[in-house]
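Residue numbers (our numbering): 33 to 411.
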């Protein structure tokens, strides 16, 4: 571990970060590039949406070019978007996504090959609407993965092969993939992806990875894959967090557990929600919904000074943790460019105003951008 003793001391004392940084400091004219600041630590990534890829949001793309050296497809590579009808692939948006990454010398991450959600219904049923056989579903997986990964062989550097198949208690999600094929669908997916592009790095991605049950379930699943000789290069820990959850201690335990498997650890889908969690809701299960209430949408006119400080400090706590494990963490990716692009405005309650990302709705860098950059340059 690089600078192990020094980092351990700093992590415990936190004396190198001001307790009350001046959040009114003007960092907007020429903020330090995050990718440059993090070049000796890990790559800094961001999710791009189809509107941006279609050239309808040049400001977001300029921010991406300045601050990020890795990109992930937010939606355009999900199976329901890229193959909405069996055998009919829609390449327009995915092609633009890959081309943008290549033009700007970025690490390109494909998201996601196999996911129970946002998958087309036809994937799992026959012409009469009945579940297909195990053999048919495997063949559809083969066709989908071979076609998508094959098209971008040597161009997409990493793939989220399987997304969100372990529940918070460590048990298997009862998805159609699991119901029809069983646990082997994960092994099959990774094997097919490796065959389609032997040089691509392959990852498992999931949310709430700081929960002990999920941590144990993922470690068990991945260990079984490794014992069978399946190529899996790393684990993506989705970073959808709030001001008070999860605890840094549990998040750190998961980093340690996944690194102990000898794998890369990615921090994926990072955002910090400042809004109250309805019914103590945590996680990122997209089917979760709660009724709108004014009390849980308190910042429609902007954040208070106290909330701004909490937001800033929460991000810095996580980046101190990420730096501590930078020998294992290879990429930190944010789930959107600006607050206006964030899915958190509508999840798990539609119509709220959230502020979870590094750039505000006016495309301006928040003070935390400079704080992160300064810290990474002078840990």
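In this text, a Cβ means the ideal position worked out from N, Cα and C, and glycines have one as well.
Check                                                                                                           : Outcome
In chain order, each alpha helix (DSSP H) run of at least 4 residues that lies wholly inside the region 228–308 : 244–259, 280–291
Distance, residue 289 Cα to residue 251 Cα                                                                      : 7 Å
Delimiting residues of the alpha helix (DSSP H) encompassing residue 92                                         : 90–99
Beta-carbon proximity list for residue 360, same chain, < 6 Å, skipping 5 on both sides                         : 291, 297
Touching by the beta-carbon criterion (3+ pairs, under 8 Å), the region 85–96 and the region 111–120            : no
Cutoff 6 Å; reference residue 210; Cβ partners in own chain excluding five residues on either side              : 204
Same chain, Cβ closer than 8 Å to residue 354, neighbours up to 5 away in sequence not counted                  : 73, 74, 299, 361, 364
Ordered list of beta strand (DSSP E) runs contained in the region 347–404, each at least 3 residues             : 361–366
When 170, 262, 275, 366 are compared against residue 309, the one with the closest alpha-carbon                 : 275
Rounded Cβ spacing between residue 156 and residue 208 (contact assumed at less than 8 Å)                       : 4 Å
Closest residue to residue 369 among 96, 67, 70, 167 (Cα-Cα distance)                                           : 96
Residue closest to residue 347, alpha-carbon to alpha-carbon, out of 189, 279, 229, 126                         : 279
Residues that residue 80 bridges to, as DSSP identifies them                                                    : 105
Three-state secondary structure assigned by DSSP to residue 410                                                 : coil
Proximity to residue 333 [Cα-Cα], best of 265, 181, 387                                                         : 387
Residue from 165, 169, 303, 246 whose Cα sits closest to the Cα of residue 200                                  : 246
Selected residue, minimal CA-CA separation from residue 186, among 144, 214, 131                                : 131
Beta bridge counterpart(s) of residue 139 as assigned by DSSP                                                   : 102
Residue burial classification, residue 358 (beta-carbon count within 10 angstroms, cutoff 16)                   : buried
CB of residue 389 within 9 Å of CB of residue 404, strictly                                                     : no
For residue 331 and residue 429, the rounded distance between their alpha carbons                               : Outside the shown range of the chain, which is 33 to 411, sits residue 429, and nothing can be said about it.
Where residue 326 falls, given that 16 or more other Cβ within 10 Å makes a residue buried                      : exposed
CB contact flag (residue 182, residue 229, <9 Å)                                                                : yes
Cβ-Cβ distance between residue 428 and residue 268 below 9 Å                                                    : Residue 428 falls outside the range modelled here, since the chain spans only 33 to 411, and no answer is possible.
C-beta atoms of residue 133 and residue 124 nearer than 9 Å                                                     : no
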